[in-house]
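Shown next, in structure tokens, is the structure this report addresses.
Protein chains: 2
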Amino acid sequence: MSAGGSTVKGPNVLIIGAGGVGVITAYSLWFKNKCNVSVVIRSDYEIVSQVGYSIDSCDYGKIENWRPHSIHKTIEDSLSSKIFYDFIVVTTKNIPDGPVASRVSTILRPILTSNTEIDPKKESNILLIQNGIDLENEIIQTYSRDELENVTLLSGIQFIGSTKIGPGKIHQLGKDRLFVGGFDSCDIKARNASQEFIEIYSNEGYNIVEFEPRVRYARWKKLLYNAAINTTTALVQLDVPRTLEFAKNKDHTEKFIYEPAMREIIAIAASEGIIIEEEFIDFFINISRNLLFKPSMCVDREKNQLMELEIILGNPIKVAEKNNVPVPTLFLLYNLLTLVQSKLKEELGLLKFDEKTLKLQSTT
Amino acid sequence: MSAGGSTVKGPNVLIIGAGGVGVITAYSLWFKNKCNVSVVIRSDYEIVSQVGYSIDSCDYGKIENWRPHSIHKTIEDSLSSKIFYDFIVVTTKNIPDGPVASRVSTILRPILTSNTEIDPKKESNILLIQNGIDLENEIIQTYSRDELENVTLLSGIQFIGSTKIGPGKIHQLGKDRLFVGGFDSCDIKARNASQEFIEIYSNEGYNIVEFEPRVRYARWKKLLYNAAINTTTALVQLDVPRTLEFAKNKDHTEKFIYEPAMREIIAIAASEGIIIEEEFIDFFINISRNLLFKPSMCVDREKNQLMELEIILGNPIKVAEKNNVPVPTLFLLYNLLTLVQSKLKEELGLLKFDEKTLKLQSTT
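As structure tokens, then:
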């Protein structure tokens, strides 16, 4: 079922993942009124179809009873109206070690199949607004070259600080700044599609959206925050300012966890020829000190949801291993968080531990 | 109020701390029937005075409705009958960063004062059955030399795996092996007192209790387990076999957390001239693999109680810093667990974080 109808002249955008990021993304596109916004809303579908979203946004203010042009309970439902989706925006968590059904490549397949059936020549633009590094690999490795013929892969790096605080309730604390570019920075189609997306997304005076010619640089830069700070908050289950204030001498977290971890990310990026300026270490720590915020992995652990551990720590560590970059801080955080992730998987029924044999029985 | 009465010819023993360790200690002394056993029972006093303890012990079997010779709700209560306590056995958690009122030196003072009033010439033997290293320093530094004139400090290193699983309910999983000796291994009085305690504690065929001439060696050895494994389980909130099985490749926890952390403890001990054999690394990991057990710090975090972080990690790290021993694994675990400890302190009202200024307001 779809609520509302397509009424705007412009591209069709399908947003998958109606969390803190996805809903603000949807709202920004709807607000500009230059595209048709469809959103796949899994858990909150009933409440949103009845009363719409309640949004408290530092960019757009307090909004009640808002709905995008169309809402769908499932991907299949979003395909029933035979609309060609020009932009497929994925704002779900990216968890390659999670269930196959929730992997990005699995989610996208029926949409790409439907698009090809509707118009086999037209380009499908996939925009991944997600954390981490090397997340496009899962798609490139899963699909055949033929399947990717008319697919353009766009990378969205977002700084936003937006959280779903209840069913249909979104709280956006930090200004939306989105950087869009092709995963392949030489891809002209991706460059043009990025510009088109920026045009339908940008709301002057409200949000900031820019073309990012160096997507990989931007992703490594954002990883400074996520690999060091997001991970630590998940382990100790504290918001960011508390991790700084609660430290020994009030400085041990930044000096002996955040700074070394960030320096290791800088070293890994450098081993790939990407130079991240050291000043961003202080930049991210200062942001952290002044904003009462629980990053995504911390929230995931609290909510018993899987964390984006592999794209945030696993993939950088793979690059470090390939290029022989020592990363002792990141590796210890990763090995500790692997245990937390497995604990979450056990709670979600994704793995079983036999308390009689004391062995793991199966993994998914 | 004291329940029961002193009926045995032999020394008077006061046990402070009626948790998994304290109750089995009390039972072992009572079972031997060569001393009078008084226990200070704080939280479970009512239930124990009514129905006694329910103990499920791998050493002594299932015991119902058991009570020691005397039980007391408070230290003050234990002193009202003007008994000279020959042995004061402390089986509480040792948390020097916790509230002053629960520090070992604070707890002991009224008992030592009472003993001196009753018989100023008689020796008070203090036995600390607690984890960690350098825990005697708090007592030595707090008391004057005069106050310690007739005090003998005994060190108890216990391997037991006993937990309070409910009010008045104790579950002892691992055989009780207790090693007793003087903190100062040259102290003849401590040696004699240790032998006397062993005599009243040893139950042949049930428990194992031995004189330990090298207390410091034994404490560093036990720290291999506690500094590496106990700490990690507290961070990830898993029992020990799960920390091994849930690891990447099922070996990353032992290879990249437990082994490096234990090697660092060995290196710190070596910097003090104490040689811990490397084979104990495998020994402790193999024990861990085969026993479904949640160590004390993990249980403390689950129960929102302060952890013995300083005596298990803080003190060894101080020695490492003094002797310039690099301990990157232990230091990262320590800095992470300091945040968890502060979180627990905040929950217990021992520190306040102002969410407006994002600053710590006070500490105790």
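The listed protein sequences correspond, in order, to chains F and C.
Per full-length UniProt numbering, the first sequence starts with residue 1, numbered consecutively.
Per full-length UniProt numbering, the second sequence starts with residue 1, numbered consecutively.
From the three backbone atoms N, C-alpha and C, an ideal C-beta is built for every residue, glycine too.
Keep in mind the model is a prediction, meaning the values are calculated, not measured.
Query                                                                                                              : Result
Where N183(F) falls, given that 16 or more other Cβ within 10 Å makes a residue buried                             : It is worth fixing the name first, because residue 183(F) is Phe in this sequence and not Asn. The residue in question, F183(F), is buried, as its Cβ has 16 or more Cβ neighbours within 10 Å.
Span separating the alpha-carbon of E346(C) from that of D354(C)                                                   : 11 Å
Rounded straight-line distance, which links the Cα of L333(F) to that of K343(C)                                   : 19 Å
L337(F) and M307(F) closer than 8 Å at C-beta                                                                      : yes
Cβ-based neighbour list, T243(C), same chain, cut-off 7 Å, excluding 5 preceding and 5 following                   : T232, T233, V236, T253
Other residues of its chain near Q195(C): CB distance less than 8 Å, five sequence neighbours each side excluded   : F211
Coarse secondary structure for V151(C), derived from DSSP in three states                                          : strand
Nearest-angstrom Cα separation, counted from I140(F) out to V48(F)                                                 : 34 Å
Per-residue burial, C186(F) [other beta carbons within 10 Å of its own, 16 or more giving buried]                  : exposed
Buried versus exposed, by CB contacts within 10 Å (16 or more), I275(F)                                            : exposed
K62(F) - partner residues in DSSP beta bridges                                                                     : D56(F)
Distance, P326(F) Cα to L128(C) Cα                                                                                 : 42 Å
Cβ of E310(C) within 8 Å of any chain F Cβ                                                                         : no
Sub-8 Å separation of L154(F) and F197(F) beta-carbons                                                             : yes
For D119(F) and K255(C), the rounded distance between their alpha carbons                                          : 54 Å
Buried or exposed by the 16-neighbour rule on C-beta atoms within 10 Å, applied to S70(C)                          : buried
Neighbourhood of G10(C) by C-beta, 8 Å cutoff - its chain only, sequence neighbours within 5 removed               : K34, C35, N36, I200
Complete runs of the alpha helix (DSSP H) confined to the region 183-256 of chain F [at least 4 residues]          : 188-201, 215-225, 231-236, 240-245
Per-residue DSSP class, three states only, for S80(F)                                                              : coil
Below-8 Å beta-carbon distance, E264(C) vs any chain F residue                                                     : no
Coil, strand or helix - residue 367(C) by DSSP                                                                     : Absent from the model: residue 367(C). The displayed extent of chain C is 1 to 364, so no value can be given.
Spatial neighbours of P68(F) in its chain, beta-carbon cut-off 6 Å, leaving aside the 5 residues before and after  : A26, W30, V37, V39
N-terminal and C-terminal residue of the beta strand (DSSP E) that Q172(F) is part of                              : 169-172
Contact set for G156(C): own chain, Cβ-Cβ below 8 Å, skip 5 residues either direction                              : V89, L127, L128, I129, Q130, L178, F179, V180
Simplified DSSP assignment, three categories, for F87(F)                                                           : strand
Burial state of S54(F) (16 or more Cβ within 10 Å)                                                                 : buried
T113(F) burial status per 10 Å Cβ neighbour count (16 or more: buried)                                             : exposed
Nonlocal neighbours in the same chain, by C-beta distance under 8 Å from G4(C), ignoring five residues either side : Its pLDDT being 48, under 50, G4(C) is placed unreliably by the model, and nothing is read from it.
Proximity test, Cβ basis, 8 Å: N230(F) and chain C                                                                 : no
Rounded separation between Y85(C) and R191(C) - CA only                                                            : 18 Å
Listed by chain order, chain F residues near L350(C) by CB distance under 9 Å                                      : Neighbours of L350(C) on chain F: none; closest Cβ ~12 Å, over 9 Å.
Status (buried if at least 16 other CB within 10 Å, exposed otherwise) for E245(C)                                 : buried
Where T7(F) falls: helix, strand or coil (DSSP)                                                                    : coil
Whole-angstrom distance between I285(C) and S28(C), CA atom to CA atom                                             : 28 Å
Where R177(C) falls: helix, strand or coil (DSSP)                                                                  : strand
Within-8 Å CB hit, V340(C) to chain F                                                                              : yes
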